[in-house]
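Accompanying notes for the structure given below.
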Amino acid sequence: MKKLLLPMILLASIAQAQDNFSVPFNKINTEVQKNSKAFATLKYETEHIGHRLTGSPNGAKAEQYVFNLLKSYGCDVKFQPFSVESWSRKTISLKIGQANQLKTIKAVSLAYSPVKANVNAQIIDMGNGLESDYAANPDAVKGKIALIYLHTLPNSPKGTLSLHRSEKTAIAINNGAIGAIFINSVKNGVLLTGTASVTGKLISIPAICIGLEDGMALKEKLKTETQFAAIQMTNFSGIINARNVIATFKGTEKPNEKIVVGAHLDSWDLATGAIDNGIGSFAVIDMARTFAKLKFKNKRSVEFVLFMGEEQGLLGSKAYVELAKKTNKLKDVKFMLNYDMNNDQKGYLTTREEMKPLFTEWGKEVAKIDTGFKNLFVVNAGLHSDHQSFMVEGIPTGEGTGGKLPNNSGPYYHSDNDDFKFVDEQELKNTVRYSAMLTYALANTKEIPVQKLNEVEIKTFLEKFNLKEPLKIAGEWRWKD
Ligand SMILES: [Zn+2]
Numbered sequence: 001m002k003k004l005l006l007p008m009i010l011l012a013s014i015a016q017a018q019d020n021f022s023v024p025f026n027k028i029n030t031e032v033q034k035n036s037k038a039f040a041t042l043k044y045e046t047e048h049i050g051h052r053l054t055g056s057p058n059g060a061k062a063e064q065y066v067f068n069l070l071k072s073y074g075c076d077v078k079f080q081p082f083s084v085e086s087w088s089r090k091t092i093s094l095k096i097g098q099a100n101q102l103k104t105i106k107a108v109s110l111a112y113s114p115v116k117a118n119v120n121a122q123i124i125d126m127g128n129g130l131e132s133d134y135a136a137n138p139d140a141v142k143g144k145i146a147l148i149y150l151h152t153l154p155n156s157p158k159g160t161l162s163l164h165r166s167e168k169t170a171i172a173i174n175n176g177a178i179g180a181i182f183i184n185s186v187k188n189g190v191l192l193t194g195t196a197s198v199t200g201k202l203i204s205i206p207a208i209c210i211g212l213e214d215g216m217a218l219k220e221k222l223k224t225e226t227q228f229a230a231i232q233m234t235n236f237s238g239i240i241n242a243r244n245v246i247a248t249f250k251g252t253e254k255p256n257e258k259i260v261v262g263a264h265l266d267s268w269d270l271a272t273g274a275i276d277n278g279i280g281s282f283a284v285i286d287m288a289r290t291f292a293k294l295k296f297k298n299k300r301s302v303e304f305v306l307f308m309g310e311e312q313g314l315l316g317s318k319a320y321v322e323l324a325k326k327t328n329k330l331k332d333v334k335f336m337l338n339y340d341m342n343n344d345q346k347g348y349l350t351t352r353e354e355m356k357p358l359f360t361e362w363g364k365e366v367a368k369i370d371t372g373f374k375n376l377f378v379v380n381a382g383l384h385s386d387h388q389s390f391m392v393e394g395i396p397t398g399e400g401t402g403g404k405l406p407n408n409s410g411p412y413y414h415s416d417n418d419d420f421k422f423v424d425e426q427e428l429k430n431t432v433r434y435s436a437m438l439t440y441a442l443a444n445t446k447e448i449p450v451q452k453l454n455e456v457e458i459k460t461f462l463e464k465f466n467l468k469e470p471l472k473i474a475g476e477w478r479w480k481d
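Residues 1 to 481 (my numbering) are what the sequence shown spells out, left to right.
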């Protein structure tokens, strides 16, 4: 069998090797290494605007800043406005202690907590907050406040799985808790935000996060004495307005075939979101700058899209897809690349195995230019960023793989410490270079060998990557079985 297959494999790789992108890749490389503006513009944004919370005045300022920036690079730019139901925090107060001796503790609300809550109750330590923790202590939390470790407690049995904070909140609610206090796992009082809702709708109890030191001290006290908490909060829930920002480069031969290169521009509001997702969005902005500067004539159209509303539930990319469906333009999208906290990638990842010959062929060319690029190739499909909105419509998606976040910033994502100090200039340039090359290749290769999947194929695809359960929990599984 092997002998028979070999000539076919050789033929296939020869057939795929017809792209010669050495010249444009080198041009991209030189341009980005010399003139990238990603680092400087992200620095400016974090210093002069700050966070980019969707629907907030800051968010609107960031949208305008990026629009002007792309315009100044000579791009064809437009806003794509959308109105959608969203959530933002207003006030919070947390007091903890023995009855009548409550003391204020620093805390933040998790997203989709109620618009108003005023809860006073006993605190029960529910460990990791998994089903097994409640099964071991049934009814313990009924009418009380659950204290839950955000990730996995260090002394947990080996192999203890962790669930997302939204899933842990759902379990607490199902067990009758009237409040949930999460202990972050990052040292020095770092606070984390993010959604506590599995469906993107308001949850019925207040869910909040406290720092590691406060949380562990509380756990210790609970071993010997009863502790109470008073949680008071107000939040906003309602319709907000936001704008995706789109820079379009029209294709010369196949203008109706489109490569979408996306990144979410929005951030949470506790810090400036330099990592989540400053590094991804400002990399994509700089990719657009590079395309404009080099005046590429691409076969296919390329759209660089800065999405808003990702953090509240992929709101901007969902709006993009809905509009494209309504105008019958979604079929034009041949491939979607997404950059969410991608940094200094070592290879390419895609949802579609059929892309391997092309991706690795192109990657070989990239590795010739810079041996730091290892030409890894990974097939995988996950959820929880803007590629999801396209992927569930059957569109092939991809991103970088094998990189790691700069300066060990991983633990600080979604936290009050996600700031510019973590950004690494050269690593950011690497993201721009390697991703701009991939974008160029997708826009100019003769034939993209993958098609949009049909409804039956999409279902099989999602099941294959074990995405049925999480999509069901989120209420986004549209098939009957
Ligand atoms: Zn993100």
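Note that the Cβ used here is the ideal one computed from N, Cα and C, for glycine as well. These figures come from a predicted structure and were not determined experimentally.
Buried/exposed call for residue i, threshold 16 Cβ in 10 Å
i	result
D266	buried
N466	exposed
L110	buried
P154	exposed
K318	buried
I239	exposed
P406	buried
E220	exposed
F79	exposed
N235	buried
Q426	exposed
N35	exposed
R289	buried
Residue i vs residue j beta-carbon contact at 8 Å
i	j	result
H275	L428	The identity of residue 275 in the sequence shown is Ile, whereas the question assumes His. Their beta carbons are not under 8 Å apart, which means I275 does not touch L428 by this criterion.
S88	L315	no
V450	R352	yes
V305	Y320	yes
N184	L150	yes
I231	K106	no
I77	I285	Residue identity check: residue 77 is Val in the sequence provided, not Ile. Contact flag unset, no.
V32	R433	yes
N375	K364	yes
T445	L358	yes
A474	T199	yes
I203	T169	yes
Spatial distance of residue i from residue j (CA atoms)
i	j	result
Y44	S415	20 Å
Y412	F39	19 Å
K254	L330	15 Å
T439	I259	8 Å
T327	L337	22 Å
E47	D370	32 Å
K95	Q388	39 Å
Q64	F82	15 Å
E361	R165	40 Å
I458	V392	7 Å
N417	L270	8 Å
R52	N408	22 Å
D481	L147	36 Å
V115	S237	6 Å
A136	G400	42 Å
L294	L442	17 Å
S22	K368	9 Å
D419	G50	9 Å
K468	V378	21 Å
Strand pairing of residue i, partner residues [DSSP]
i	result
Y149	I183
H51	Answer is none; H51 lacks a bridge partner.
N120	A230
E85	I239
D76	T248
R289	Note: R289 sits in no beta bridge, so no partner.
S93	Q232
Same chain, Cβ closer than 6 Å to residue i, neighbours up to 5 away in sequence not counted
i	result
T350	G398
M437	F25, I28, V366
S452	A small fix is needed here, since residue 452 is Lys in this sequence, not Ser. Only G394, I395 meet the Cβ criterion.
N118	Q232
D19	T445
Beta-carbon contacts of residue i that lie in its chain and below 8 Å, excluding the five residues immediately before and after
i	result
K404	N343, D344, G410
E213	K187, N188, G189
V141	I124, M126, Y134, A172, N175, G176, A177
N256	S301, D332
G97	K103, Q227, F228
K385	The question names Lys, but residue 385 in the sequence shown is Ser. Only H264, E310, L314, N338, D340 meet the Cβ criterion.
Cβ shell of residue i (< 7 Å), same chain only, five flanking positions each side left out
i	result
G143	A121, G176, I178
T248	D76, S301, E303
M8	With a pLDDT of 49 at M8, under the threshold of 50, the modelled position of this residue cannot be trusted, and the question is left open.
I14	With a pLDDT of 46 at I14, under the threshold of 50, the modelled position of this residue cannot be trusted; read the value that follows with caution. Cβ neighbours of I14 beyond the five flanking positions: none.
P470	L383
Interface flag, residue i vs chain B, CB-CB below 8 Å
i	result
E311	The chain labelled as chain B is not found in the depicted structure, where only one protein chain is given.
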